[in-house]
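> The numbering of the sequence shown is the numbering used here, which starts it at 1 and goes up by one.
Note that CB positions come from ideal geometry on N, CA and C, so glycine has one too.
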Amino acid sequence: MVPQSAPRGKRRRYLRRRLGTGIIPVSGICTPIVWGLTLLEQRAVVKPKKRPLIRPLPILLADLILTLLALWLADLLRHRIPFGREIAPGTVYLTPAVYIMVAVIWAGCFLFFGVYDGRRRPFGDALRSLLAALSMSLMLFAGGLYFTRMRDFSRLLVVYFAVLDFLLLLLARWAWTVLSARRHRRGEALRTIIAGGGPTALEIGRRIQTHPWAGFELVGYAGDGGTASPRAGAPCLGDMDHLLELVQAHDADCVILTLSCGDTLPLAEHILALQELGVRVYLAPDYAGEIAFCPRVEDLYGISLIGVSDLRLTTWQAAVKRVLDILVSAVLLVVTAPLMALIALAVRLDSDGPVLFRQPRVGQDGRIFTMYKFRTMVPDAEERLQALLRERGWEKPPLKIPDDPRVTRVGRFLRRFSLDELPQLWNVLRGDMSMVGPRPEEPRIVQTYTAWQRKRLLVKPGLTGPMQVNGRADLPLDDRVRLEIDYIQHYSLWEDLKIMALTLPAIFSGKGSY
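Structure (structure tokens):
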């Protein structure tokens with residue numbers, strides 16, 4: 001490998017010789033996930049100009065110190081606060097063996113659950129891995145106390161310890177986020193150029209700019225013809241054909257190559273040349289296109305392969321989600337029963353016809369189920385639809401019709417606040433739907449889906465979901481499906497709770513309700 005200090009002529013001869021073979025000198029491929037977008041990192045032999053901001057070992061040591069501090073504070077609280085069973089004078093719970101046991105168990109579980117995997121992830125994903133690691137650590141700690149005959153260890157102390165440890169680790173991660181953002185403002189982040197155009201490049205740029213604490217600073221784009229969309233939020237620096245010159249001119253530390261730019265760029269040549277400059281190189285799959293999957297890297301005797309798995313929830317995720325659905329829907333059915341009785345009376349008095357509207361919808365894996373809603377239209381709404389289409393010059397009905405004359409007075413009020421959907425709580429309790437998920441669609445719409453759009457059918461449809469908290473009916477179909485597939489791909493219980501919390505503000509805002 002020719003060092004950076006070698007004469008320019010010697011470096012050119014070396015590059016020419018290597019480029020002619022088409023060999024890329026890499027030490028491996030990994031898949032850091034940058035806020036939901038998977039980037040394939042080409043690890044070079046040349047030392048990068050800047051190290052990433054996420055360094056596992058110091059963070060692990062800091063977490064262990066905080067955990068042992070939480071254990072000491074828990075012991076202090078147990079002895080000082082007069083709560084629980086009285087402690088005999090001279091009782092000592094924390095011995096050196098206990099501290100060592102906690103340090104070993106916590107370190108092992110944190111590493112096993114990927115708390116320090118170096119990925120730039122949404123906070124909910126990081127919190128989920130932290131909670132999983134803490135839960136397993138506490139169970140192993142309790143088992144260790146039992147098998148080492150420390151059965152008189154205070155249970156209340158363990159409760160104090162669990163709460164304090166979680167709070168301290170959560171506070172530390174918040175402080176790390178603030179510190180990383182400050183380092184970014186001081187210019188310590190990786191100066192990044194995104195090579196390529198289209199939705200993938202723009203989405204990566206947007207996530208870099210909205211997550212300044214993650215260690216990337218967007219310098220600009222290298223796009224086709226030197227042009228870039230004004231939505232990009234950063235300038236287009238020039239053509240991809242001049243990528244190496246742009247990297248040197250703007251002192252870039254990192255380049256993200258979108259795979260869609262492979263037709264324009266000889267990727268092998270540019271990856272090699274960028275690595276020779278000491279630049280970190282990432283390859284971004286075209287996630288904004290007609291594909292969505294959960295990637296994993298596997299090794300085939302030295303060759304890195306990207307495994308493609310479907311977007312289904314794990315057995316554990318599905319079980320927890322179902323338990324949450326049953327509990328929440330059962331409670332809400334009881335709480336809203338008087339309100340639903342009043343709504344039923346209002347619907348019946350406002351117009352003739354049934355109180356409930358029943359319609360076939362497509363559920364998980366394409367199964368058809370009957371969805372229930374309060375009726376918001378006149379009884380002969382289907383017969384009036386053809387006349388309405390001719391009147392407005394439409395060939396086929398849109399997903400939602402603004403100012404639909406078929407909607408009754410009570411129906412308009414119910415739609416305004418989504419009260420017409422309360423009977424769907426019964427669908428949730430039965431298992432046809434979930435509290436959170438993609439919108440349940442009619443069979444006629446599902447028949448027009450592409451293979452990519454059908455990915456939304458891999459989970460149960462939801463009473464609420466990402467569409468309801470991001471614009472409701474105002475969103476075009478493609479944008480709505482993209483939101484829903486992103487929800488499935490990065491599913492977490494935390495995300496479900498967040499969407500449920502955001503549903504009420506979205507309803508009262510009235511945006512997209514008609």
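1) Is there contact here, the stretch 326-337 with the stretch 411-418, by at least three beta-carbon pairs under 8 Å?
2) Can Val410 and Val355 be called in contact, C-beta distance under 8 Å?
3) Using only the alpha-carbon positions, how far apart do Phe113 and Ala126 sit?
4) Let me know the secondary structure DSSP gives Gly238 once reduced to three states.
5) Between Ala319, Ile507, Arg454, Leu429, which has its C-alpha nearest Gly465's C-alpha?
6) Could you tell me which of Val281, Asp241, Leu458, Ser329 sits nearest to Asp486, measuring between CA atoms?
7) Going by DSSP, name the residue or residues bridged to Gln359.
8) Three or more C-beta pairs closer than 8 Å, one from the stretch 360-379 and one from the stretch 420-429: is that the case here?
9) Nearest to Glu495 by alpha carbon, out of Gly437, Asp479, Leu504?
10) Using C-beta distances below 7 Å, list every residue in its chain close to Gln468, excluding the 5 sequence neighbours before and after it, in chain order.
11) Is DSSP giving Glu217 helix, strand or coil here?
12) Sort Ile368, Arg361, Asp403 by Cα distance to Met377 and report the nearest one.
13) Ignore the nearest five residues each way along the sequence and tell me which others in Asp479's own chain have a CB closer than 6 Å to its CB.
14) Measure the beta-carbon distance from Ser559 to Met500 and round it to whole angstroms, keeping in mind my assumption that it falls under 8 Å.
15) Is the stretch 130-147 touching the stretch 72-81 in the sense that three or more CB pairs, one from each, lie closer than 8 Å?
16) Using a Cβ-Cβ cutoff of less than 8 Å, which residues in the same chain neighbour Ala62 once the five nearest sequence positions on both sides are dropped?
17) Contact defined as beta carbons within less than 8 Å: I believe Val247 pairs with Leu272. What is the distance between those atoms, to the nearest angstrom?
18) Mind checking who Cys254 pairs with in its DSSP beta bridge?
19) Please state whether the Cβ-Cβ distance between Pro440 and Pro461 is less than 8 Å.
20) Going by the DSSP bridge assignment, what does Gly462 pair with across the sheet?
21) To the nearest angstrom, report how far apart Thr258 and Ala381 are at their CA atoms.
22) Could you spell out where the alpha helix (DSSP H) holding Gln248 opens and where it closes?
23) Reducing DSSP to helix, strand and coil, say where Leu53 ends up.
24) For the putative contact between Gly220 and Leu202, defined by C-beta atoms under 8 Å, what is the C-beta separation to the nearest angstrom?
25) What would DSSP say about Trp394, mapped onto helix, strand or coil?
26) Taking its Cβ as the centre, do 16 or more other Cβ atoms sit within 10 Å of Gly205, making it buried, or is it exposed?
27) Express the C-alpha separation of Arg191 and Leu244 in angstroms, rounding to a whole number.
28) Can you grab the Cα-Cα spacing for the pair Leu425 / Ile445, in whole Å?
29) Please work out which residues of its chain come closer than 7 Å, Cβ to Cβ, to Arg358, disregarding the five sequence neighbours upstream and downstream, and give them in chain order.
30) So, under 8 Å CB-CB, Gln453 and Val481 are touching, yes? Tell me the CB distance rounded to an integer number of Å.
31) Distance check for Trp174 and Ala97, CA to CA, integer angstroms please.
32) Val115 lies in the alpha helix (DSSP H); which residues open and close that run?
33) Provide the residue(s) that pair with Val407 in DSSP beta bridges, ordered along the chain.
34) If the criterion is Cβ atoms closer than 8 Å, does the pair Ala252 and Val279 meet it?
35) Buried or exposed for Trp316, please, with buried defined as at least 16 other CB atoms from any protein chain shown within 10 angstroms of its CB.
Taking the coordinates as given:
1) no
2) no
3) Going from the Cα of Phe113 to the Cα of Ala126 covers about 10 Å.
4) strand
5) Ile507
6) Leu458
7) DSSP output for Gln359 lists Met371 as bridge partner(s).
8) Yes: at least three Cβ pairs fall under 8 Å.
9) Gly437
10) Correct list, in chain order: Thr503, Ala506.
11) strand
12) Considering only alpha carbons, the answer is Asp403.
13) none
14) Because the chain spans 1 through 514 in this model, residue 559 falls outside it and cannot be assessed.
15) no
16) Ala172
17) At roughly 13 Å, the Cβ-Cβ gap does not stay under 8 Å, so Val247 and Leu272 are not in contact.
18) DSSP, once it has assigned bridges, lists Thr192, Arg280 as partnering Cys254.
19) yes
20) Ser434
21) 48 Å
22) 243-249
23) Confidence at Leu53 is low in this model, with a pLDDT of 43, below 50, so its placement is unreliable and the value that follows should be read with caution. Coil, per DSSP.
24) Wrong, their Cβ atoms sit about 12 Å apart, outside the cutoff.
25) coil
26) buried
27) 14 Å
28) 23 Å
29) Thr370, Tyr372
30) 5 Å
31) 31 Å
32) Counting along the chain, Val115 falls outside any alpha helix (DSSP H), and DSSP gives it neither H nor E.
33) Met377
34) yes
35) exposed
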